[in-house]
Amino acid sequence: MKVIKYAIILILIGLICGCNSTGDRFVLKSKFQSKDSITITFAGAVDDQWAKNKDNFIVYEEPDPDIRLIIKDVLLSPDKKSVEIFFAEPINKTVPHCLKLKDISSDGKSQGTHDITVKKFYFGNLINILVLTMLVQNIIFVKYLGLCIYLGISRKRAAAIGMGFTFTIVSFFSSIMIWFVYQKILIPFHINFIQIIVFVGLISLTVQFVDTILRKVNPVLFKEFGIYLVLVVSNCAMLAIPLLIAANNYDLFESIMVSLGGGLGFLLALFLMSCVQERLSLSPIPPSFKGMPAAFIMTGLFCLAFMGFSGMALF
Amino acid sequence: MKTTVLNIAKLLTFQKGGINPPEKMRLTKNLPIEVMPTPPEVAIFLKQHVGTACLEHCIRADMCLHFVRQPTDNACKIVFKGLQNTLYSEDYFLNDNICFNSSEVHVQQEEKVSEGDLIGKGSKLGSNLHASISGLVKTISDTPHPFGKEPAIVLSIDPDAKPKSYPIVNENWMSLSREDLFAKIKEAGIVGLGGAGIPIDSKLSVKRDSKLDTLILNSESEPYLTSNYRIMLEHAFEIIEGAKILLTILDIKECIIGVENNKPDAIIALNQAIENDTQKNGSKNQFKIVVQPLQTKYPQDATDQITFTLTGRIKPTGKRISASGVNIQNVYTAKVIYDAVVCHKPFYEKVITVSGRGIARPANLLVKIGTRLRDIVDYLGGMTQDVAKIVIGGPMLGFAVSSLEIPITKTTPGVLFLTQDEIDIQPSYDPCIRCGFCLQACPMGLEPNNVSIYVEAGKSADTEQFGIMEDCFECGCCAYVCPSKRPLVQFIKLAKLKILEAQQKKKQRESKPKESKQREST
Amino acid sequence: MMNAQSEKNSISNCLHVSSAPHIQSEVTISKIMWTVVVSLLPPLIISIFIFGFQTLIITLVSVVSCVVTEAVSQKMLNRPVTIKDGSAVITGLLLAYIIPPGVPWWLPIPGAFMAIYVTKILMGGLGYNIFNPALIGRAFLMATYPVALTSAWLAPIRNGSIFTYMNANVDAISSATPLYVLKHYGMAALIEKFGSMSVIYTDFFFGFRPGCIGETSAFLILLGGLVLLYKKYISWHIPVSVMGSTALLTWIFGGESFFTGNPLVAILSGGVMLGAFFMATDYVTSPNQKIAQLIFGIGIGALTVLIRLKGGYPEGICYAILLMNPVVPALDQWFKAKRFSEGATQ
Amino acid sequence: MAIQQKTNKEIFLNGIFNENPIFRLALSMCPAVAITTNLLNGILMGVSVIFVQICANSTIALLKDYIHPRVRLPIYSLTLATYVTVIDLILSAYFPVAYGALGLFIKLIVVFTFITMRLDVFARKNTVFPTFLDAMGMGLGFLWGMMVIGGVRELLGSGTLLGYDILGFKPMLFFVLPASGFFIIGFMMAIFNYTERIYKEKQSKRRIPA
Amino acid sequence: MKEMIKIVLGLCVTCITAACIMGVTFIFTSDPKKKNEHINFEKNMFNVLGYNENRSIPADLKLYSIFRYIIIQGDNQYLGYAVPVGEKDSSGYDLLQVDTNGNFVDHKHLDIKPEKVMEEGDRTSAIKAAVGGAATVTYADMFFVAKVENKRSAFLLPAETIGFKTTIGFMLALDPLYNVIGVEILEHEEDPGLGAEIEQEYFKNQFQGKSFEKVKSIVVIKQPIPDDYLKFLEKKKWRQGEYSEQEIKAMQQKYQDSDINAITGATISSVALTNGIKVAVKKFVYRVKVLDTIIMNKQIAVAF
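Residue numbers (the working numbering), protein chains in the order written: chain G, 53 to 367; chain X, 30 to 551; chain Y, 49 to 394; chain B, 598 to 807; chain P, 404 to 707.
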């Protein structure tokens, strides 16, 4: 359990470092306000005159620096410390927007020109990815991967939880490693066609690594989770996570979130199924359907239930 | 006075669970105790009580009477049908284990005995048996019993013998020592009249614990049964005196009599008796006896429940109730003890409730131990046409019988002749719908639904995790509330049996390797 | 009166011998189920007046197909046919209640097959299903006929002619549900569409709004729910926690900024009432202990709000209940009744 | 060896019926559920698996004397990964449309448990020809299963077979969704169990008079 | 020890063999793969231009590709257009550097062979070399110009937008007056039966023939498509000669200014695609106009 705790702390530190502020002295904050406006907060009060002049603001979407958005109106807040810019058309919040604030004048003094980028909260984006991979793109009920282990392990709850945790840990470490190898070695050298073999190798390596460390550091935990480590190697869900990361070109933190989300989703699925399997083992299921067929149909019902998450986006 | 009793806002009761079945006391509530004429023949079982020593025997014998039990001469066919298949089926031979804690025969065939004579001597956990009628020992043979057949002493009446009377001979029992009192009670062959019928001497001779500080007198809380109520009403004085004897023997001062508030008259009567007693004895009185009205709820009279209700103590799992510092007796036991000590009267006749719509004339009867049901039915004018079930005991805990040849024992609190609409017999039961009614009803906080589901799935041995072996006393609350009409008590009994079997197997397996090892070493 | 002697022979034939207890309460499964059926009927009657006569046809088709599926499948499996206990009727009613009124009449049939055969009978019959059958039926229909399930809404009839929509082109008179309007166009649009706020409250309360067949009339559902509560067939824990958490979370997250959502509209405008009283409280698929029931209900409420606000569907109660159903075995195991002997002082 | 007592025919048929990887062993279900939305996908996936299985099995059977038992699992992975990469590249080059649908799952053949299992259980202990037959049988069993599932789903989901309009309408969209794969596999397994039970009952009945 | 060496050797040999097999396959398959991809892409382009079995591709149809890059030099951002130059068969590519206000900045020749221009890596490095120094060069997008009889017949632009679930990739064809010729969905992951209906002819063909003016303000309405229009849109079901040229024109004119009818039950996907098309067209038209003005002013001999 300690390993998990440290991992979570590490991730949190990473996330906090990964968050970006505007990095500007005078402009404090900028964010998407409603569907057609952006709010900018300043450190000091700005002049009315300046704020009313629409030409002082140049806004464009990052990939299209040549196309300026048409500003309909600019509103200065009563305390003069923030400005809301309204646009003629709804803005596309998925793309970062670049803002150029020309010669900001505050109390008659010029604060110079500021370039800022407004984008969705990075942390929110990461949480979004985590939740999406866990629920909306659940590795078993929506992606249909790792079924062998899922059906084999989910008969006992303790085993299911053990397997889920082991899977999450291995997927976390392996995807970090795989991300570096893929982005820094395979892509620059144009040898990404051997990704399968590399990924399989790296996963085995991670498993060996976790195995060794766990054996030394926490023998009790090893006794509990050790047997599942071997199973993780030959699990298609385990291989699918790095393949998905590679296919979508995620950055490091996003990859970590995908791997965690995938692992937790796997854990969730195993847990739910194990709860259900315990009940199924007591049910008078028709003899032809006993065992695997019932488990399959139950999984199908789970899939129907998980369709409720489809189309979900948190932030 | 009556109103004050009923107006107590929050009456004491136990922690959780319990049910409120229709009381059905009106049938016999207002009928005074009636002495039944001596029957021509009585059969007195050598074993008068259920006893806890042979749990397996009891479970096995009572478990599976689900729909049909066919008693043959000395075996019964036990069949328990599940929804899908037969869960349990066994030909059970009753002669196997029946000789536990029974009494030794003290008479010979054709010997002449008179009322009150010792005919069986209690050994170990058995109690003394006394002739309930004057006459001849006709035979000592197997007689129908709720569980099949058991050996009994059959006496046939001597028509000329006069009924024996027991005048008060020993009013000043206070002067007797504890040991003398104890011996007198033992001599009289009294058993606990609450349920299991353990001989009173073993109940009282539990290791003298310094913790023991309270005597609890309880009364029946099952529907229909009114014998306790009538005793309290008509023999309140004797009960108080009996309680005092018990207190002397136990060497404690405090006694609480718990009476449910559906018997307000009994509460008044007992209070009156206590008042009289204090007036009479004045400052001499060193005992503290109180009557505590209780909320009407089944199973208010169960050991754990009444202890909690009256003292707030909870019995730890797996320990005897004396660990909680209480001794529990039935009010009727107190009355019988009074008879034995003050009148030297052995325990050979008792008050039972004969009730139900299936009998022509319900009554509270004073009958001789060993009286056959047939004689009672005849005396009360026969059964109605639509009688569907004859139950010895209360409707919640009693045993259904299939023959009128069965005699009354010392533990029989009543006989019920129930009609079809009273028992509402279902031809089959339905699957568990997990409504959770039984979880709410179980006074011990167990999970009867899960036990039944496990048993149905053929995993009876796995039900040990639900704690039925330690805690379940088969009060029947779960089966009473079950909307699927599942025979939950039978399920639990079957599970207990299987757990016992599994434990025995485990023991055998454990002992075998040891033996083999020993063999190897030798 | 018979003589005891002559009785002896016949007695073993007519006497029942069974183990204690010998008396049982009067509550039976069929009694519970048929009470639920009866308390479910008022929404159907009002729906006929609101959406027209075809809602009755759809409901009848649904109920009949559920009952027939149950009977046939039990016959085929050589099991006792239990259609008389009313559970299939409830499933049929509920299945019809959670589909739009403008769907073709045959639509419930595949849903009934899925609900009764696959979800219930295959998993062991009554008492062993993990998911609520009616909801699985709906989820299946949603996946199979998404267009019908998401667009066959009808505007309420106010002129009293219940045959208005018979043989009519459904597309021409379809009307968006309040939740759809709320999700995609906001509160202002909702007020614009249905009139003032007070009109919204009263209309929604009595059922004059587009929606699924049985979910519109909050008043009648509440009435039915209160009957079940009064009869003590359900406890207040699940309905209250489902509705309470839905209202609370909608109030917090449902508006433009925090704490500006409208909790009352959230409860009145979807299927939350029907779900809370009649579907989440299904004995088989809900936990037994009170704390577990509260957690179960809060989980349903939270998932409902999550799906409503962030998910792809305007209404989330159906999937929320389905998603909480498999957690029930775990909840049952985590929250057990306190054993009597647990409080013992050693 | 006990295995060699089986005739070649039995070895071949074993994979198709008795130990059908999908319906009996319930291994490698992911593609069977996820991509069998139509018959063509099923066939392509099945053919790819046959290719990988035959190649890998034959290779291992050929080289079994040179493989050190300690490193046999890495060697298996390596062999499989090689052939999977080959088939992956070939499909992406010549069947780009189908590759779009199968994409991920072709790569995942590497971790198909039943292939690795056959390598360890059969190929390691047998000569090339029986191994080839076994691989063929197993592969055909897989192909057959994929075809059945794909066919049913295509017919019920989009009313077509191999792209040709059969029914003229779309009966149940549900069968296009991957979730339906679970139901079809569940029902197919049940049919297998049922036939087996009937078969065994008949056999036991035959035995009694004899 | 001996065993160790044996194992290591065995593994090494296996690895080398595996690498050889994979390498050989890669070499053999890489070319057909690219070719296939190219063919597939072209097929889509022809499709969207309206060439199919009934309407054959003209012999002198030529496609020219123009790539847009974002060049950051110091604090300044520029757009770089890699445009084909030379009269015959686009003998080379030039880079036009434009600032964000649409003013011409620079014109450089790119050192790249025409057949290599579709290779992103080669192209980017050529542009980098041309711009030189510390500039960052990022690829933004591309579009095609189709020429028939040496006249511009259409613009083709691949674009994408966020749909109900993930991105929807589509290809747009515009005529020289920026009216929509056709829309083709390249990739999407919408729900089958709901959002996936954007692929269907009856939906995507609605965009056909919409004028640029209309597209600028096009919206989605939740009304069913009129029956005659629906029949007209389902092109696949057209039998030979069901509609004459005049009829087609008449129908197109009749519904030229109508809005887009949403797919039943999938309004979000419909709106997403419509907005995506709207935005893509607006941006594209703005840029093409800037580019054309520069080419006119500077008199650059572009091929298109």
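Ideal placement from N, C-alpha and C gives every residue a C-beta, glycine not left out.
Segments of 3+ residues assigned as beta strand (DSSP E) that fall wholly inside the segment 209–295 of chain Y: Listed in chain order, there is nothing to give.
Quick check on ILE482 (chain X) - is its C-beta less than 7 Å from some C-beta in chain G? Under the Cβ criterion of 7 Å, ILE482 (chain X) is counted among the residues facing chain G.
Cβ-based neighbour list, PHE256 (chain Y), same chain, cut-off 6 Å, excluding 5 preceding and 5 following: Taken in chain order, the residues that qualify are PRO204.
DSSP beta-bridge partners of VAL113 (chain G): Before going on, a small fix: residue 113 (chain G) reads as Glu here, not Val. Its beta-bridge partners are G:HIS149.
Using a Cβ cut-off of 8 Å, which residues of the segment 334–352 of chain G contact any Cβ in chain X, in chain order? Shown in chain order are the members of the segment 334–352 of chain G whose Cβ falls below 8 Å from a Cβ of chain X: LEU334, SER335 and PRO336.
Euclidean distance between Cα positions of CYS355 (chain G) and ASP118 (chain G): The straight-line gap from Cα to Cα measures roughly 46 Å.
Measure the CB-CB distance between ILE191 (chain G) and PHE305 (chain G) and report whether it falls below 7 Å. No; because the gap between Cβ atoms is not below 7 Å, this pair is not in contact.
Relative to the C-alpha of ILE106 (chain Y), which candidate in Y:PRO152, Y:ASN207, Y:GLY173 and Y:LYS358 has its C-alpha closest? Nearest C-alpha to ILE106 (chain Y) among Y:PRO152, Y:ASN207, Y:GLY173 and Y:LYS358: Y:PRO152.
Can you give me the start and stop residues for the beta strand (DSSP E) that SER432 (chain X) sits inside? Membership of SER432 (chain X) in any beta strand (DSSP E) is not indicated, and neither H nor E is assigned to it by DSSP.
Just to confirm the assignment, what range does the alpha helix (DSSP H) spanning GLY736 (chain B) have? Under the DSSP assignment, GLY736 (chain B) falls in the alpha helix (DSSP H) whose first and last residues are 725–755.
On the three-pair Cβ rule with 8 Å, is the segment 241–256 of chain X touching the segment 415–431 of chain X? A contact exists between the segment 241–256 of chain X and the segment 415–431 of chain X.
Under 7 Å between C-beta atoms, does PRO148 (chain Y) make it to chain G? Residue-level contact check: PRO148 (chain Y) does not touch chain G, since none of the beta carbons of chain G fall below 7 Å from its beta carbon.
Going by CA-CA distance only, name the one from P:THR670, P:GLN603 and P:VAL583 that's closest to GLY612 (chain P). Nearest Cα to GLY612 (chain P) within the set P:THR670, P:GLN603 and P:VAL583: P:VAL583.
Proximity test, Cβ basis, 7 Å: PRO420 (chain Y) and chain G: The question about residue 420 (chain Y) has no answer here: the residues shown for chain Y are numbered 49 through 394.
Counting only C-beta atoms, is TYR302 (chain G) closer than 7 Å to chain B at any point? Chain B, which has no Cβ nearer than 7 Å to the Cβ of TYR302 (chain G), makes this no.
What do you get for TYR484 (chain P), buried or exposed, if any count of 16 or more other CB atoms within 10 angstroms of its CB means buried? By the neighbour-count criterion, in which a residue is buried when 16 or more other Cβ atoms sit within 10 angstroms of its Cβ, TYR484 (chain P) is buried.
Note down, in chain order, all residues in the segment 491–522 of chain P with a beta-carbon under 9 Å from any beta-carbon belonging to chain G. Correct list: VAL501, ASP502, THR503, ASN504 and GLY505.
Should the segment 517–528 of chain P be regarded as contacting the segment 457–466 of chain P, the criterion being three or more beta carbon pairs within less than 8 Å? A contact between stretches requires three or more CB pairs, one per stretch, nearer than 8 Å, and the segment 517–528 of chain P fails this requirement with the segment 457–466 of chain P.
Would you please verify whether the beta carbon of ALA357 (chain G) is less than 7 Å from any beta carbon of chain Y? With 7 Å as the cut-off, ALA357 (chain G) counts as an interface residue toward chain Y.
Have a look at ILE687 (chain B) and GLY700 (chain B) and give me their C-alpha separation to the nearest angstrom. Approximately 12 Å, taken between the alpha carbons.
According to DSSP, simplified to helix, strand and coil, what is CYS114 (chain Y)? Of the three classes helix, strand and coil, the one that applies to CYS114 (chain Y) here is helix, per DSSP.
Within chain C, the residues that PRO117 (chain G) reaches when beta carbons sit closer than 8 Å: The chain labelled as chain C is not found among the protein chains of the depicted structure, namely G, X, Y, B and P.
Kindly say whether VAL218 (chain Y), judged by its beta-carbon, lies nearer than 7 Å to any beta-carbon of chain P. Bear in mind that a pLDDT of 49 at VAL218 (chain Y), under 50, signals an unreliable position, so the number given afterwards is only what the model happens to contain. Taking 7 Å as the CB threshold, VAL218 (chain Y) stays off the interface with chain P.
In angstroms with no decimal places, state the Cα-to-Cα distance between ALA181 (chain X) and ASP171 (chain X). Taking the CA atoms as reference points, ALA181 (chain X) sits about 6 Å from ASP171 (chain X).
Counting C-beta neighbours from all protein chains within 10 Å, is the total for GLY765 (chain B) 16 or more, i.e. buried, or is it exposed? With fewer than 16 other Cβ atoms within 10 Å, it is exposed.
Does the segment 44–51 of chain X come into contact with the segment 497–511 of chain X, if we say contact requires no fewer than three beta-carbon pairs (one atom in each stretch) closer than 8 Å? Between the segment 44–51 of chain X and the segment 497–511 of chain X, the count of C-beta pairs closer than 8 Å reaches three or more; the two stretches touch.
State yes or no: is the beta carbon of PHE361 (chain G) nearer than 7 Å to at least one beta carbon in chain P? So, not an interface residue.
Any C-beta of chain Y sitting closer than 7 Å to the C-beta of GLY453 (chain P)? Not closer than 7 Å to any Cβ of chain Y, the Cβ of GLY453 (chain P) fails to qualify, so no.
Answer yes or no: do PRO69 (chain Y) and ALA508 (chain X) have a C-beta to C-beta separation smaller than 7 Å? Taking 7 Å as the Cβ cut-off, PRO69 (chain Y) and ALA508 (chain X) qualify as a contacting pair.
Within its chain, find whatever has a CB closer than 7 Å to the CB of ASN617 (chain B); leave out the 5 residues flanking it on each side and keep chain order. Its chain contains GLY738 and GLY742 as the residues whose beta carbon lies nearer than 7 Å to that of ASN617 (chain B), once the 5 sequence neighbours on both sides are disregarded; these appear in chain order.
Compute the distance between the beta-carbons of ILE348 (chain Y) and MET327 (chain Y), then report whether it is under 7 Å. In this structure, MET327 (chain Y) does not lie closer than 7 Å to ILE348 (chain Y) by Cβ.
So for PHE388 (chain Y), helix, strand or coil by DSSP? In the three-state reduction of the DSSP assignment, PHE388 (chain Y) falls in the helix class.
In this structure, does DSSP put TYR472 (chain P) in helix, strand or coil? The answer is strand: DSSP assigns TYR472 (chain P) an E or B state.
Check the Cβ-Cβ distances between THR117 (chain Y) and every residue of chain B, and say whether any is below 7 Å. Chain B places no beta carbon closer than 7 Å to that of THR117 (chain Y), leaving this residue out of the contacts.
Which value, in whole angstroms, describes the spacing of the CA atoms of ASN504 (chain P) and ILE698 (chain P)? Roughly 16 Å between the two C-alpha positions.
Beta carbon proximity, PHE771 (chain B) to chain Y, threshold 7 Å: Closer than 7 Å to some Cβ of chain Y, the Cβ of PHE771 (chain B) qualifies, so yes.
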